[in-house]
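Since the structure comes first, as structure tokens, the remarks are kept for the end.
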Amino acid sequence: MTVIWSGLTLGAIYGLVALGYNIVFVTSNVFNFAHAQLLTLGTFIAFWATVTLKLPTVLVFLLCAVIVAAVAVVEERIAIRPVRGTEGQLVTTVGFLTLLEGVTQLIWGGQPLQVPFFGSEKVLSVFGGRVFPVELMLMGALVVFAAIFVAVSRGTMLGIAMLAVSEDREAALMRGINVRAMAIGAFAVSGALAGLLGPVVGPETFAVVSLGSSLALKGFVAMAIGGFGSGPGALIGGITVGLIESESGRYLGESYSNLMVFTALLAVMLLRPTGLFGHARERVV
Amino acid sequence: MDVRQLLQRIPTWAAPLVAAVVVILFPYLGIQVTVQRQVILVCILTLLVSGLNLSLGYAGELALGQAAVYAGGAYVSGYLGAHGHTDLLVQLIASAAAALVIGLITGIPGLRLGSWSLGMVSFFLVLLVPDFLNIFSTQTGGTLGLAGIAPASLFGSQLSPRSFYIAVTVLTALWLLVLRNLVTSRHGTAFRVLRESPVLASSMGISVFRMKLSAYAIGALPAGIAGCLFANLDHYLSPDSFGFDLVVSILAASILGGSASVYGAVVGATILQLGPLESTSFQKYALVIYGALLLIGGVVLSLGLAGLIRSLWVRVERRWLPRPPITTYVGEQLPSIEGATLSVDHLVKAFGGNKVLQDVSLEAKPGQVTALIGPNGSGKTTLLNMICGYYRLDGGAIRLGDRPSPHVPYKVARAGVARTFQTPSIPEGITVAEAVRSGHYATKHTSFLSAVFRLPGYRRARSIDIEEARRVLALVGLEELENDEAASLPLGTRRLLEVARSLVSSPKVLLLDEAASGLDEDEVERLADLIRRIAASGGTVVLVEHNFRLVLSLADQIYVLARGSILASGTPAEIEVHPDVMTEYLGMKVPAADSLLSTAGIDGGKDD
Amino acid sequence: MTEQPVSSEPLLSVRNLVTGYGDLRVVWDVSFDVLPGQVTALLGRNGAGKSTTLRAIAGLNKLHGGTVRLAGEDIAGLASHKRIKAGLGVVQENKRIFKRRTVEANLMLGGYSLHVGRRKLKDSLDEIYELFPALRGRASTQAGQLSGGQQQMVAIGQALMGHPKVLMLDEPSAGLAPAIVLEVMESVDKLKSSGLAVLLVEQAVEAAVSVADHVTVLDIGRVVMDGPVSELDDLDIIKDAYFGRTAPRPAS
Numbered sequence: 000m001t002v003i004w005s006g007l008t009l010g011a012i013y014g015l016v017a018l019g020y021n022i023v024f025v026t027s028n029v030f031n032f033a034h035a036q037l038l039t040l041g042t043f044i045a046f047w048a049t050v051t052l053k054l055p056t057v058l059v060f061l062l063c064a065v066i067v068a069a070v071a072v073v074e075e076r077i078a079i080r081p082v083r084g085t086e087g088q089l090v091t092t093v094g095f096l097t098l099l100e101g102v103t104q105l106i107w108g109g110q111p112l113q114v115p116f117f118g119s120e121k122v123l124s125v126f127g128g129r130v131f132p133v134e135l136m137l138m139g140a141l142v143v144f145a146a147i148f149v150a151v152s153r154g155t156m157l158g159i160a161m162l163a164v165s166e167d168r169e170a171a172l173m174r175g176i177n178v179r180a181m182a183i184g185a186f187a188v189s190g191a192l193a194g195l196l197g198p199v200v201g202p203e204t205f206a207v208v209s210l211g212s213s214l215a216l217k218g219f220v221a222m223a224i225g226g227f228g229s230g231p232g233a234l235i236g237g238i239t240v241g242l243i244e245s246e247s248g249r250y251l252g253e254s255y256s257n258l259m260v261f262t263a264l265l266a267v268m269l270l271r272p273t274g275l276f277g278h279a280r281e282r283v284v
Numbered sequence: 000m001d002v003r004q005l006l007q008r009i010p011t012w013a014a015p016l017v018a019a020v021v022v023i024l025f026p027y028l029g030i031q032v033t034v035q036r037q038v039i040l041v042c043i044l045t046l047l048v049s050g051l052n053l054s055l056g057y058a059g060e061l062a063l064g065q066a067a068v069y070a071g072g073a074y075v076s077g078y079l080g081a082h083g084h085t086d087l088l089v090q091l092i093a094s095a096a097a098a099l100v101i102g103l104i105t106g107i108p109g110l111r112l113g114s115w116s117l118g119m120v121s122f123f124l125v126l127l128v129p130d131f132l133n134i135f136s137t138q139t140g141g142t143l144g145l146a147g148i149a150p151a152s153l154f155g156s157q158l159s160p161r162s163f164y165i166a167v168t169v170l171t172a173l174w175l176l177v178l179r180n181l182v183t184s185r186h187g188t189a190f191r192v193l194r195e196s197p198v199l200a201s202s203m204g205i206s207v208f209r210m211k212l213s214a215y216a217i218g219a220l221p222a223g224i225a226g227c228l229f230a231n232l233d234h235y236l237s238p239d240s241f242g243f244d245l246v247v248s249i250l251a252a253s254i255l256g257g258s259a260s261v262y263g264a265v266v267g268a269t270i271l272q273l274g275p276l277e278s279t280s281f282q283k284y285a286l287v288i289y290g291a292l293l294l295i296g297g298v299v300l301s302l303g304l305a306g307l308i309r310s311l312w313v314r315v316e317r318r319w320l321p322r323p324p325i326t327t328y329v330g331e332q333l334p335s336i337e338g339a340t341l342s343v344d345h346l347v348k349a350f351g352g353n354k355v356l357q358d359v360s361l362e363a364k365p366g367q368v369t370a371l372i373g374p375n376g377s378g379k380t381t382l383l384n385m386i387c388g389y390y391r392l393d394g395g396a397i398r399l400g401d402r403p404s405p406h407v408p409y410k411v412a413r414a415g416v417a418r419t420f421q422t423p424s425i426p427e428g429i430t431v432a433e434a435v436r437s438g439h440y441a442t443k444h445t446s447f448l449s450a451v452f453r454l455p456g457y458r459r460a461r462s463i464d465i466e467e468a469r470r471v472l473a474l475v476g477l478e479e480l481e482n483d484e485a486a487s488l489p490l491g492t493r494r495l496l497e498v499a500r501s502l503v504s505s506p507k508v509l510l511l512d513e514a515a516s517g518l519d520e521d522e523v524e525r526l527a528d529l530i531r532r533i534a535a536s537g538g539t540v541v542l543v544e545h546n547f548r549l550v551l552s553l554a555d556q557i558y559v560l561a562r563g564s565i566l567a568s569g570t571p572a573e574i575e576v577h578p579d580v581m582t583e584y585l586g587m588k589v590p591a592a593d594s595l596l597s598t599a600g601i602d603g604g605k606d607d
Numbered sequence: 000m001t002e003q004p005v006s007s008e009p010l011l012s013v014r015n016l017v018t019g020y021g022d023l024r025v026v027w028d029v030s031f032d033v034l035p036g037q038v039t040a041l042l043g044r045n046g047a048g049k050s051t052t053l054r055a056i057a058g059l060n061k062l063h064g065g066t067v068r069l070a071g072e073d074i075a076g077l078a079s080h081k082r083i084k085a086g087l088g089v090v091q092e093n094k095r096i097f098k099r100r101t102v103e104a105n106l107m108l109g110g111y112s113l114h115v116g117r118r119k120l121k122d123s124l125d126e127i128y129e130l131f132p133a134l135r136g137r138a139s140t141q142a143g144q145l146s147g148g149q150q151q152m153v154a155i156g157q158a159l160m161g162h163p164k165v166l167m168l169d170e171p172s173a174g175l176a177p178a179i180v181l182e183v184m185e186s187v188d189k190l191k192s193s194g195l196a197v198l199l200v201e202q203a204v205e206a207a208v209s210v211a212d213h214v215t216v217l218d219i220g221r222v223v224m225d226g227p228v229s230e231l232d233d234l235d236i237i238k239d240a241y242f243g244r245t246a247p248r249p250a251s
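Chains as they are written, first to last, in numbering that gives the first Met the number 0: chain A, 0 to 284; chain B, 0 to 607; chain C, 0 to 251.
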């Protein structure tokens with residue numbers, strides 16, 4: 000059971016990264032490869048706010064959300080808007096990820112930093128497995144944010160507009176929706192989400208610069224398995240990846256866990272390219 | 000003037016050759032061993048970058064797995080070296096074979112995915128390298144690294160550091176020569192066509208599947224070779240050498256040097272290897288600088304250098320050259336063209352439950368211009384796409400001459416159906432002559448190897464390409480623009496160029512899709528004249544066109560498509576007075592309109 | 000600034016418009032006006048440049064030259080969504096609605112630019128249902144599952160939800176059965192009598208002329224005929240213009 004708990008925890012982090020991808024993807028059909036690095040930045044700011052500044056928990060969250068959201072908006076401006084075409088955007092988002100990694104390393108160094116958890120650090124025993132409160136909180140966060148994503152996208156004017164943009168950009172423009180502002184907004188929201196998660200992910204993973212690139216890939220797999228642009232997809236995809244990773248690590252050996260995730264990715268992409276919850280997109284020659 | 004002429008006579012390969020010879024001779028020029036080591040590292044990075052350039056810069060596919068292929072090549076050679084197989088040639092062949100296998104395995108899913116899914120999958124492969132090394136830790140040494148690689152030998156004698164240096168530089172120079180020969184060959188142009196548009200490529204008879212796979216496979220080779228050389232440099236391999244940082248630096252070097260270039264790889268690799276980044280004081284800024292480089296490079300890449308030139312040209316043109324005179328056109332006679340009858344019999348096509356084409360039959364005969372007209376949504380584009388093999392038939396048949404037409408786009412093209420596009424589709428970075436020659440690509444098969452080694456078969460094919468392209472360019476009156484950048488020409492000229500590119504394959508059927516749209520009256524007249532001459536020489540021309548006057552003046556037979564079926568067909572004189580055609584274009588099919596008309600007071604004359 | 004002696008100022012005024020796709024120019028020097036309570040029909044064959052003109056007015060195609068005024072205000076420099084906010088209602092070609100969303104969501108999206116909140120938008124849906132009673136019972140149906148005619152009604156209703164001053168319709172009759180076309184034209188007639196200025200882009204001449212006050216005919220990107228419907232003796236003159244039998248006449 001402990002293995003399952005740790006798989007679910009990993010899955011929660013991947014799912015939260017996938018959710019961040021989805022927020023941006025739904026509104027602007029952009030895949031923001033640097034999103035996981037934004038989350039990593041969030042863990043560092045959490046460290047800085049908690050350990051260096053010794054701020055109260057509420058302010059830590061606020062600071063993380065604001066700073067990371069601002070960085071995400073900058074990213075949209077310099078790495079997304081001037082670039083046409085997916086190849087170019089992949090290059091620039093990888094560039095932004097690297098830039099962010101470099102800057103983070105300059106400020107905080109390359110050593111992993113321990114981010115203290117604001118809640119209890121006592122191990123719990125749930126369903127016969129050992130689990131930390133922070134891990135439960137991560138899982139809770141995934142469920143809550145995925146639910147918010149679904150609720151907003153289905154139940155508010157903003158959400159309806161978001162889905163309209165993803166279905167037909169031009170028709171959305173003709174309804175007076177400021178598509179560009181939506182794109183910036185999506186980056187800001189996904190950045191804020193990444194920031195808010197900093198103080199929760201940090202205690203689990205430590206604040207370490209190299210976290211971004213591996214999270215980016217696993218988050219991508221979660222999104223691909225769940226379906227591009229789907230909230231429930233991010234949840235299910237994340238958990239699937241987390242469980243595959245921890246279970247195969249447990250029963251086949253550490254070295255096989257990434258390999259199994261990769262196999263799952265290939266299988267989904269070749270057999271069901273839209274993912275489990277994705278929509279088929281019509282193609283025109 | 001003399002100096003300039005002299006300079007122009009020096010072939011373009013002379014400077015790189017001299018540079019290569021000088022670098023190869025470094026050990027004899029008293030260059031220090033530490034510098035030699037740096038040169039070897041530059042060579043290795045150059046090989047890696049040039050592999051990426053082939054797939055990204057030329058074929059337009061972002062495959063980021065070079066680091067993984069590199070690791071594969073390195074460990075295969077390392078393993079051989081540690082087990083007594085030190086011959087460099089054996090190792091090179093083994094590493095290259097391993098690279099080819101890894102390239103193909105990752106390339107095949109990439110064929111289905113494309114764009115960033117391919118980028119991600121190939122990226123993931125790099126993440127798997129340490130895991131693979133651990134799984135095979137008895138062979139690879141796992142996280143500890145692979146030690147005890149014996150020094151390389153050649154033909155039984157051990158290579159001294161000096162001869163190893165020479166081997167590395169010679170190999171790198173040879174690879175660049177191979178790549179240069181490849182990208183300047185007809186295959187190189189075909190890669191650029193693929194990058195511009197897979198639809199264009201298949202319309203020219205190029206198999207998209209084969210070309211993409213070739214680009215991955217050939218792009219993997221230098222990474223394998225680089226791996227082999229790396230294994231023999233320090234006689235030790237560590238998993239740390241093949242991580243995310245390497246991916247980023249390969250990408251950065253490629254962007255920095257220019258992805259669509261051969262020697263750009265050398266420039267990018269040299270700057271990254273010898274530039275300030277490697278010095279310890281700059282080391283900590285390395286990631287920041289790489290990141291900034293990728294950001295700026297990505298922005299420029301998306302515009303493309305040719306795109307920049309084109310927009311500049313358009314500005315210049317508007318300012319000083321309102322319309323570049325194309326004068327030399329004399330209306331040469333075309334040699335006879337062997338057209339074939341294109342016949343469409345009772346064609347049916349439905350998307351979902353929606354019948355787009357119902358029982359459509361038409362026939363286009365050699366020596367005639369057959370026009371297809373119809374209002375929006377009448378199914379013209381669908382019909383055209385079906386003739387070109389993009390959709391499966393739901394009923395009926397399409398025949399070319401006395402054979403059924405194939406259902407795979409590139410096979411349709413090879414069977415003799417050439418087409419132009421509504422928006423001219425012309426790859427960037429090639430000349431007018433090359434663009435026309437690319438239309439001749441599929442008519443003659445030459446292997447990649449014969450292109451690389453410039454074998455007689457290749458030379459023959461190429462001289463036919465050149466000759467045919469000249470002939471066709473003269474026909475359309477563009478021979479003076481032969482060496483101009485094709486994509487930066489004005490629209491009218493690009494349309495003529497597209498026709499020339501289609502003609503060069505001696506098509507049995509020529510499909511012109513809205514060829515006159517966006518042209519001014521002179522240009523329309525030139526185009527009309529060309530079409531008349533093609534038909535007069537025996538070609539089969541199918542014209543899908545909005546310009547009604549042009550259709551009336553050109554066509555021998557007109558088919559009117561409306562709501563998915565043929566409404567009327569006949570000669571221009573018949574169609575012009577055909578009542579159904581009038582009503583279809585004028586919308587008189589509304590029976591109740593009469594009543595509305597009377598309320599609007601049309602017949603009464605005055606409304607207000 | 001207009002020279003015509005008209006009873007009221009035009010709500011939409013297009014002068015010397017030059018536009019196209021990328022560097023491909025399809026429309027050269029097109030001018031016309033749309034007056035309040037009137038319908039201007041922009042006619043012409045397939046490919047004549049009608050839709051391109053409409054798209055340029057909506058800001059979807061780049062303007063290479065000319066001016067576009069909405070209620071006297073120059074909107075040529077505005078982003079598309081701001082033109083909508085300024086009072087332009089657009090019904091795009093091919094019933095371009097959000098087919099995966101419900102009818103109600105579609106209509107409410109039409110009022111997005113008003114920024115009045117969900118509840119208020121919901122209350123104003125009734126006006127649309129009054130104009131198109133057929134939609135009333137289908138509020139929670141996925142828009143893509145409606146019949147073609149009903150989808151067109153959703154598209155028009157969507158544009159009306161934004162309370163436009165000028166309504167532009169791009170080929171609303173295309174692909175619809177004659178009876179439905181009649182219904183659509185009747186609703187256009189109702190709208191114009193409520194004071195709306197309507198620009199009707201059509202290929203179907205008679206349907207368009209049945210509601211139009213003014214016609215402008217384009218061919219190959221230029222105005223070949225222009226004048227009030229009341230001065231048309233019969234439709235042959237438009238037919239001739241369609242088939243290029245008249246010499247192009249510059250717009251006044």
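Just so you know, even glycine gets a beta-carbon here, dropped at the ideal spot from N, CA and C. Quick caveat: nothing in here was measured; it's all calculated off a predicted structure.
- Taking a beta-carbon distance threshold of 8 Å, residue 116 of chain B counts as an interface residue toward chain A.
- At a cut-off of 8 Å between beta carbons, residue 136 of chain A makes no contact with chain C.
- By the 16-neighbour rule on beta-carbons within 10 angstroms, residue 68 of chain B is buried.
- Its Cα nearest to that of residue 237 of chain A, the residue A:276 stands out among A:205, A:208, A:276.
- For residue 50 of chain C, the uninterrupted alpha helix (DSSP H) run begins and ends at 49-56, by DSSP.
- Cβ-Cβ distances below 6 Å link residue 112 of chain C to 83, 84, 161 in the same chain, with the five nearest sequence neighbours on each side left out; the list follows chain order.
- Within the stretch 132-162 of chain C, those residues whose Cβ lies closer than 7 Å to any Cβ of chain A are, in chain order, 157, 161.
- Scanning chain A for C-beta atoms nearer than 8 Å to the C-beta of residue 541 of chain B yields nothing, as the closest lies near 18 Å away.
- For residue 422 of chain B, the nearest CB of chain C lies under 8 Å from its own CB, placing it at the interface with that chain.
- Sequence-distant partners of residue 210 of chain C (beyond 5 residues in either direction) whose C-beta falls short of 6 Å from its own C-beta, in its chain, are 38, 184, 187, 188.
- Taken residue by residue, none of the stretch 215-226 of chain C has a beta-carbon sitting less than 7 Å from a beta-carbon on chain A.
- For residue 66 of chain A, the enclosing alpha helix (DSSP H) has its first and last residue at 56-74.
- Nearest to residue 192 of chain A by alpha-carbon distance, out of A:5, A:267, A:21, is A:21.
- The C-beta of residue 166 of chain A comes closer than 8 Å to at least one C-beta of chain C.
- Chain order gives the chain C residues near residue 545 of chain B as 44, 45, 46, 47, 219, where near means a beta carbon separation below 9 Å.
- Taking the beta carbon of residue 511 of chain B as reference, no residue of chain A falls within 8 Å; the closest one sits roughly 18 Å away.
- Residue nearest to residue 12 of chain C within the set C:66, C:131, C:213 is C:66 (criterion: CA-CA distance).
- In chain order, 172 place their CB closer than 6 Å to the CB of residue 203 of chain C, counting only its own chain and leaving out the 5 sequence neighbours on each side.
- Cβ contact annotation for residue 266 of chain B (same chain, cutoff 6 Å, sequence separation greater than five): 256, in chain order.
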